[in-house]
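The listed protein sequences derive, respectively, from chains F and L. Residues 28 to 292 (the working numbering) are what the first sequence spells out, left to right. Residues 9 to 173 (the working numbering) are what the second sequence spells out, left to right. Every residue gets a Cβ at the ideal spot worked out from N, C-alpha and C, and that includes glycine.
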Amino acid sequence: MSVMGGGILLLALSGIGLLRPVEDVSYTVLSPIESALRSIAQPVANVVTRYGDTRDLTSENESLRLENERLNAELARLREETTRREELERLLETKNALSNQEFIAASVISRDPGNLRQLVAINRGRNDGLKVDMPIVTEGQTLVGTIARVEDDHAWVKLVTDVDSAVSALLLESRAQGVVAGSYSREMAMEFVDQNAGVKEGDTVVTSGQGGTYPAGLVIGKVTGVEGSRQELFQRVTVEPLASLSKLETVLIMISFVPTQLTPP
Amino acid sequence: MSYYVGITLLFFVALIEVSVLPLFRVYGLQPNLTLVLLIAWLIIRGEEEAYVLIPIGGVLLGLVESAPMGTAIIALAPVAVLQEIRGSKLGQGGVAMAIAFTGMMSVVYNFTYLLVFTLTGESGNWLVATTDVVLPVTLLNIVVLVPLYFVFSVVNPRYRRSLYA
């Protein structure tokens with residue numbers, strides 16, 4: 028019972044932020060050891076997961092995947108930009124929403140060991156100007172997630188596949204809107220998609236910018252499946268993230284984007 | 009001496025949980041290695057050492073994971089509580105008891121996290137979490153426990169003494 032009591036006491040102290048210095052110091056001390064362990068285990072993991080692929084093929088595949096991710100993101104952004112420009116040109120002069128953004132790079136230093144949440148820790152924190160809810164993207168500028176918790180020298184990033192993640196999104200091809208939500212099974216689904224929206228496999232899903240929590244036009248992923256009978260109000264669209272979330276090493280934080288906190292009308 | 013070994017082992021297991029195990033996830037899941045290690049320790053070496061190691065394991069895990077500090081201690085505490093109920097009979101059950109105990113504790117451990125997440129306002133569908141995470145991880149923990157149990161048995165002095173008796 029004393030162990031339980033101690034746990035509850037620590038939980039309460041953590042809740043009011045009194046343990047923050049301890050957590051910061053532990054990350055400063057432990058993150059180099061974690062990185063060393065990960066770099067030792069990474070080659071073994073590559074062999075196990077890729078069934079004996081040679082190292083050259085792996086690195087080539089990795090660079091091609093990054094290039095593909097970057098090009099897909101670029102293409103999606105250009106399409107998005109064109110469509111938006113056509114819609115808004117008559118009304119106002121627009122600029123590319125992303126080209127004006129400022130980014131800072133961060134390394135992934137740890138992954139949450141729990142199976143119920145999908146979070147990674149990065150080596151940037153409050154001292155670098157990070158704030159909760161700032162969007163995080165890959166080097167190819169596809170959406171990774173948002174900052175869930177910030178400490179002085181590190182931050183926890185909630186991935187888009189996390190069960191607590193919900194992103195206002197639209198399908199680039201059909202302009203159908205919905206919400207991309209994560210799940211416990213680490214799969215993403217786009218919900219509330221109109222039954223009449225022509226959705227097909229391979230369609231690109233991007234952030235819609237609705238709600239003000241993400242900038243518009245960030246690529247989230249590709250449609251991998253569409254479910255839903257005609258009797259249902261919405262179709263359920265399965266989405267695969269374009270970013271390789273299980274192998275993240277470097278991410279970019281969109282520090283110039285300030286998420287809007289909407290108040291009820 | 010065994011306390012130093014246990015604490016060192018827990019320290020590395022906590023680090024392995026955040027650095028190495030995510031690279032070897034099975035269907036996106038990884039075993040709760042600290043929990044499995046503590047259960048194996050408790051059953052093979054007895055409750056006296058485990059009572060000290062359980063809170064230490066909780067603190068070490070709390071330092072490296074994203075959940076609020078204290079969650080891991082609360083999640084691991086039932087291991088000690090069940091030992092209290094079961095008494096010394098726990099160590100006599102062999103590997104079968106270890107498997108049953110791991111299964112039960114894995115469910116309690118993950119439900120504790122789920123409870124803390126729910127209380128801190130992070131959404132959680134308990135039914136989906138049970139089918140998609142808790143039960144598969146319970147199986148994974150049992151798979152990891154079996155070899156760990158035999159390794160602990162072999163290195164346990166009592167076991168080695170019994171070989172020469």
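Measuring straight from C-alpha to C-alpha, what distance separates residue 4 (chain F) and residue 85 (chain F)? Outside the displayed span of chain F (28 to 292) sits residue 4 (chain F), for which this structure offers no information.
Would residue 165 (chain L) be called buried (16 or more neighbouring beta carbons within 10 Å of its own) or exposed? By the 10 Å Cβ count, residue 165 (chain L) comes out exposed.
contact_flag[the region 168-178 of chain F, the region 56-73 of chain L] where n(CB pairs < 8 Å) is 3 or more: The region 168-178 of chain F vs the region 56-73 of chain L: no contact.
How long is the line joining the alpha carbons of residue 199 (chain F) and residue 146 (chain L), rounded to whole angstroms? Each residue's Cα considered, the two are about 41 Å apart.
Can you look up residue 103 (chain F) in the DSSP assignment and give me helix, strand or coil? Reduced to three states, the DSSP call for residue 103 (chain F) is helix.
Would you be able to state if there are at least three C-beta pairs under 8 Å between the region 190-204 of chain F and the region 27-39 of chain L? In this structure the region 27-39 of chain L does not lie against the region 190-204 of chain F, because fewer than three pairs of beta carbons, one per stretch, are closer than 8 Å.
Determine whether the beta carbon atoms of residue 132 (chain L) and residue 143 (chain F) lie at a separation below 9 Å. Yes, the Cβ-Cβ distance between residue 132 (chain L) and residue 143 (chain F) is below 9 Å.
Pairing CB atoms from the region 157-170 of chain F with CB atoms from the region 230-250 of chain F, are three or more of them under 8 Å? Output reads yes: the region 230-250 of chain F touches the region 157-170 of chain F.
When you compare the CB positions of residue 23 (chain F) and residue 237 (chain F), do they come within less than 9 Å of one another, or not? Residue 23 (chain F) lies beyond the residue range present for chain F, which begins at 28 and ends at 292; the question has no answer from this structure.
Inter-residue spacing [alpha-carbon to alpha-carbon] between residue 41 (chain L) and residue 87 (chain F): Their backbone Cα atoms lie some 34 Å apart in a straight line.
For a quick check, are the C-beta atoms of residue 62 (chain L) and residue 22 (chain L) less than 9 Å apart? In this structure, residue 62 (chain L) keeps its C-beta atom at 9 Å or more from the C-beta atom of residue 22 (chain L).
Apply the 10 Å Cβ neighbour rule to residue 154 (chain F) and answer buried if 16 or more other Cβ atoms are within range, or exposed otherwise. By the Cβ neighbour-count rule, residue 154 (chain F) is exposed, with fewer than 16 other Cβ atoms within 10 Å of its own.
What residue ranges within the region 84-150 of chain L form continuous beta strand (DSSP E) runs of no fewer than 3 residues, ordered along the chain? Whole beta strand (DSSP E) segments, 3+ residues: zero.
Could you give the first and the last residue of the continuous alpha helix (DSSP H) run that contains residue 77 (chain L)? Where residue 77 (chain L) is concerned, there is no enclosing alpha helix (DSSP H), given that its DSSP letter is neither H nor E.
Going along the chain, which residues of its own chain have a beta-carbon closer than 6 Å to the beta-carbon of residue 270 (chain F), five neighbours each way excluded? Closer than 6 Å at the Cβ level, and outside the excluded window around residue 270 (chain F), lie 165, 169, 171.
Out of L:27, L:114, L:54, state which residue places its alpha-carbon closest to the alpha-carbon of residue 71 (chain F). The shortest C-alpha separation from residue 71 (chain F) is found at L:27.
Three-state secondary structure (DSSP) of residue 20 (chain L): Three-state DSSP puts residue 20 (chain L) in a helix.
CA-to-CA distance, residue 151 (chain L) to residue 159 (chain L), given in whole angstroms: Cα to Cα, residue 159 (chain L) sits roughly 14 Å from residue 151 (chain L).
9 Å is my cut-off, CB to CB: does residue 130 (chain L) come that close to chain F? For residue 130 (chain L), the closest Cβ of chain F is nearer than 9 Å.
Neighbouring residues, chain L, relative to residue 143 (chain F) (Cβ below 8 Å): Within chain L, the residues near residue 143 (chain F) are 118, 121, 122, 125, 132, 137, 141.
Please identify the residue among F:151, F:224, F:141 whose C-alpha is closest to the C-alpha of residue 180 (chain F). Nearest of F:151, F:224, F:141 to residue 180 (chain F), Cα basis: F:151.
Is the region 72-88 of chain L touching the region 37-56 of chain F, taking contact as three or more C-beta pairs under 8 Å? Because the criterion of three Cβ pairs below 8 Å is met, the region 72-88 of chain L and the region 37-56 of chain F touch.
Of the listed residues L:45, L:47, L:29, nearest to residue 67 (chain F) (C-alpha basis): If we check each option's Cα against that of residue 67 (chain F), L:29 comes out closest.
Supposed contact pair residue 184 (chain F) and residue 147 (chain F) - C-beta distance, whole angstroms, cut 8 Å: Right, their Cβ atoms sit about 5 Å apart.
Inter-residue spacing [alpha-carbon to alpha-carbon] between residue 50 (chain F) and residue 90 (chain F): Using only the alpha carbons, I get a separation of about 35 Å.
Could you tell me if the beta carbon of residue 109 (chain L) falls within a distance shorter than 8 Å of some heavy atom in the ligand COA? For the ligand COA, the structure offers nothing, since it holds no ligand at all.
Reference residue 138 (chain L); option with closest CA among L:123, L:43, L:127: With distances taken between CA atoms, residue 138 (chain L) lies nearest to L:123 out of L:123, L:43, L:127.
From which residue to which residue does the beta strand (DSSP E) around residue 134 (chain F) run? Counted as a single uninterrupted DSSP element, the beta strand (DSSP E) harbouring residue 134 (chain F) occupies residues 130-138.
Residue ranges of each alpha helix (DSSP H) within the region 39-99 of chain F, 4 or longer: As far as the region 39-99 of chain F is concerned, its whole alpha helix (DSSP H) runs of at least 4 residues are 47-77.
Buried or exposed: which applies to residue 83 (chain F), given that a residue is buried once 16 or more other Cβ atoms fall within 10 Å of its Cβ? Under this definition residue 83 (chain F) is an exposed residue.
In its own chain, which residues sit with a C-beta less than 8 Å from the C-beta of residue 103 (chain F), not counting the 5 before and 5 after it? Result list for residue 103 (chain F): 199, 231, 233, 244, 246, in chain order.
Residues near residue 110 (chain L) by beta carbon distance below 7 Å, same chain, minus five either side: Close CB contacts of residue 110 (chain L) within its chain, under the 7 Å cut and outside five residues either way in sequence, are with 44, 47, 149, 150, 153 (chain order).
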